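Once you know that position 296 of the sequence shown is 296 in our numbering, the rest is easy, because the numbers rise by one and skip nothing. Using N, Cα and C, we set each Cβ at its ideal position, and we do this for glycine too. These numbers come from a predicted model, not from an experiment. Accompanying notes for the structure given below.
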Amino acid sequence: MITDPLPVLCQNTLNQPALQGIAIPAYERYGLVPGVVHLGLGAFNRAHQALVFDDLLASGDTRWGVLGVATRSQKLADTLAAQDGLYAVRLANAAGTAWRVVGALMQTCAATRKPGMVHAAIANPATRWVTVTVTEKGYDQSLAALLVEGLRQRLDAGLGGLTVASCDNLSHNGDKLKALCLATSTDRVFSDWLTRTCRFPNSMVDRIVPAATAQCAEEAAAALGVRDNAALFSEVFWQWVIEDNFVAPEDGRVISSAGVTVVADVGPYENAKLRMLNGSHSALACIGILMGLNTVFDGVSHPGLQRFIRQLMRVEVMPHLTRPALPEYGEALLQRFANPEVKHGLHQIASDSSQKIGLRWVPSIAAQLQAGASVDHHAFAAAAWMRYWLAEDEQGRPYAISDPRAAELTQLARTHQGSMEDMAIAFLAVRAVWGEALGQHPVLKRAVVHWLREIAAKGTEAALQDFLASQSGAADGC
Ligand code: CS2
């Protein structure tokens, strides 16, 4: 048997010589009682909010240690537990790359194995915040049950409420989480207590963090001299804009000191981020996958696709946004997408697309139609999305699709693949994606049918070139 010569990253190996020069937690972790319960231990939270809490802990404020709850995977909770909650993030931008070991995760647990531990942690007097990253599809009964039972135990113990911060890419994420909790309980006393004492700030979170791969662990081993089975790659850029709505009003000032933007209304930031960044991501993913591309970097390196995305933002998205300096924001996004060190897989972004595009594309399409303006870019992307459900790219390579509606939508694509018009109409009738009436709008329908026919007849690359030629009057500059 070949044994790994490298020791595993954990509290005892933090002083390895190879880690000298690497940013490691510069505070005493032992004995810290978590003040934050985080639900959803995925890559995004571990490379975003966890670093903010890590900075607050490093500043001497001991209230921000995290109990990380894996809501789906038991393995990840165990991997992190074996590393004393430590893991490294490689942060990259044009100036270079740097590793950082994050220490904010004090304990981990798997909700499916020990739900009682999660309830007890939420009901612990030391807990002040619950943060949530469970992805768009995670706002379901199991999340609500976990939260509501913990909060109910808090009420029974005579404790005060918590700040419950959703950090998922949903519009009005805090309001949605609160509504989910309230809808789950029929107990008036509990509902009144929750409404009176808990706060659910809306927020916009941003950092591009691809899912962990074996390459992350390999590069961590080479750079750190320890084995880190939970290592991540990320960009340097991050943003967290949160509504000033906390149980402890001073928390706004405290988290601002770590770089979080606290505002009265997150709406302008949230809309711009969902429709510009995430909307472009979903378009890049659907179109790029058909063309056989792998990553966002590959997508924006394709001149035609880059031009398409720039125009999509400029022509159909920006006119309906109020965030300041939109053209600069759009260009900055394209630069972030072009970061070669952040290998962000198009299939990762395309996963759960049935849950995403209603948030990312539909508001721009609706606003354009209302204004009597063009929806061609979104129609092209929507046509690519429909063709994507045939689960095979144009080179004939099959791919797996991960989506809660996968069975229904792959079946829809297969059933209608003989007629692109039927296929477009069938997909536009999926109300869970397009809403009640939007999919029936004749302007959208005509454009989607047209571009789906073009994609099927000529291939995506040629259809894209024709599309760009047809838009030659559209503004190219952001
Ligand atoms: C991406 C997001 O996977 C996706 O759908 O669009 O995870 C995106 O990278 C983040 O929201 C960036 O902040």
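Pair within 8 Å by beta-carbon distance, residue i and residue j
{"i": "H441", "j": "L369", "result": "yes"}
{"i": "F337", "j": "V296", "result": "yes"}
{"i": "D168", "j": "V132", "result": "yes"}
{"i": "R304", "j": "Q411", "result": "Going by the sequence as given, residue 304 is Gly instead of Arg. No."}
{"i": "L9", "j": "L224", "result": "yes"}
{"i": "L512", "j": "V254", "result": "Outside the displayed range of the chain (1 to 478) lies residue 512, so it cannot be described from this structure."}
{"i": "I365", "j": "L438", "result": "yes"}
{"i": "V37", "j": "L80", "result": "no"}
{"i": "Q83", "j": "R113", "result": "no"}
{"i": "E235", "j": "V342", "result": "yes"}
{"i": "L232", "j": "A214", "result": "no"}
{"i": "D530", "j": "L284", "result": "Here the chain covers residues 1 to 478 and nothing more, so residue 530 does not appear."}
{"i": "A400", "j": "C286", "result": "no"}
Close-in-space but distant-in-sequence residues of the same chain around residue i (CB under 7 Å, 5 per side omitted)
{"i": "A157", "result": "A123"}
{"i": "N15", "result": "none"}
{"i": "N513", "result": "For the chain, the structure presents residues 1 to 478; residue 513 sits outside this window and is missing."}
{"i": "V205", "result": "H48, C167, W240"}
Strand pairing of residue i, partner residues [DSSP]
{"i": "F308", "result": "DSSP lists no partner for F308."}
{"i": "M204", "result": "V241"}
{"i": "H38", "result": "G68, T131"}
{"i": "L105", "result": "V66"}
{"i": "W99", "result": "R90"}
{"i": "A47", "result": "Answer is none; A47 lacks a bridge partner."}
Member of the options whose CA lies at the smallest distance from the CA of residue i
{"i": "G40", "options": "A92, C109, W99", "result": "C109"}
{"i": "P340", "options": "L91, L32, P363", "result": "L91"}
{"i": "A111", "options": "R100, D84, D78", "result": "D78"}
{"i": "E243", "options": "S256, L232, F233, A231", "result": "S256"}
{"i": "E136", "options": "S171, R414, G150", "result": "S171"}
{"i": "D493", "options": "T415, C286, I287, F467", "result": "Limits of the chain in this structure are 1 at one end and 478 at the other, which puts residue 493 out of reach."}
{"i": "R46", "options": "A407, G65, V33, E394", "result": "G65"}
{"i": "P479", "options": "K273, G372, V300", "result": "The requested residue 479 is not part of the displayed model; the chain covers only 1 to 478."}
{"i": "L86", "options": "N93, G103, K75, Q74", "result": "G103"}
{"i": "S472", "options": "R307, T460, A332", "result": "R307"}
{"i": "E331", "options": "T322, K343, M318, V342", "result": "M318"}
{"i": "D54", "options": "A456, T322, R29", "result": "R29"}
{"i": "H480", "options": "T195, H378, R154", "result": "An answer regarding residue 480 cannot be provided, because it is not within the stretch 1 to 478 covered by the chain."}
{"i": "R431", "options": "L146, S470, G358, M276", "result": "G358"}
{"i": "R405", "options": "F427, C181, E392", "result": "F427"}
{"i": "D511", "options": "A217, R207, L155, P17", "result": "Because the chain spans 1 through 478 in this model, residue 511 falls outside it and cannot be assessed."}
{"i": "H302", "options": "A26, T460, A18, A98", "result": "T460"}
Status (buried if at least 16 other CB within 10 Å, exposed otherwise) for residue i
{"i": "V241", "result": "buried"}
{"i": "S354", "result": "buried"}
{"i": "Q311", "result": "buried"}
{"i": "Q20", "result": "exposed"}
{"i": "T71", "result": "buried"}
{"i": "T13", "result": "buried"}
{"i": "R314", "result": "buried"}
{"i": "E149", "result": "buried"}
{"i": "P34", "result": "buried"}
{"i": "V118", "result": "buried"}
{"i": "E270", "result": "buried"}
{"i": "D298", "result": "buried"}
Contacts around residue i, its chain only, beta-carbon distance under 6 Å, and the 5 residues preceding and following it disregarded
{"i": "F200", "result": "V164, G174, L177, K178"}
{"i": "R100", "result": "A23, V89"}
{"i": "R453", "result": "M420"}
{"i": "A373", "result": "none"}
{"i": "L277", "result": "L333"}
{"i": "A126", "result": "V33, G35"}
Distance cut-off 7 Å: residue i Cβ against heavy atoms of the ligand SAH
{"i": "N278", "result": "Although the ligand SAH was asked about, the structure shown includes only the ligand CS2 as ligands."}
Contacts around residue i, its chain only, beta-carbon distance under 8 Å, and the 5 residues preceding and following it disregarded
{"i": "N247", "result": "Here the sequence assigns Val to residue 247, which means Asn is not the residue at that position. Result list for V247: R128, G160, G161, L162, T163, T197, C198, R199, in chain order."}
{"i": "Q141", "result": "T184"}
{"i": "A120", "result": "G150, Q153"}
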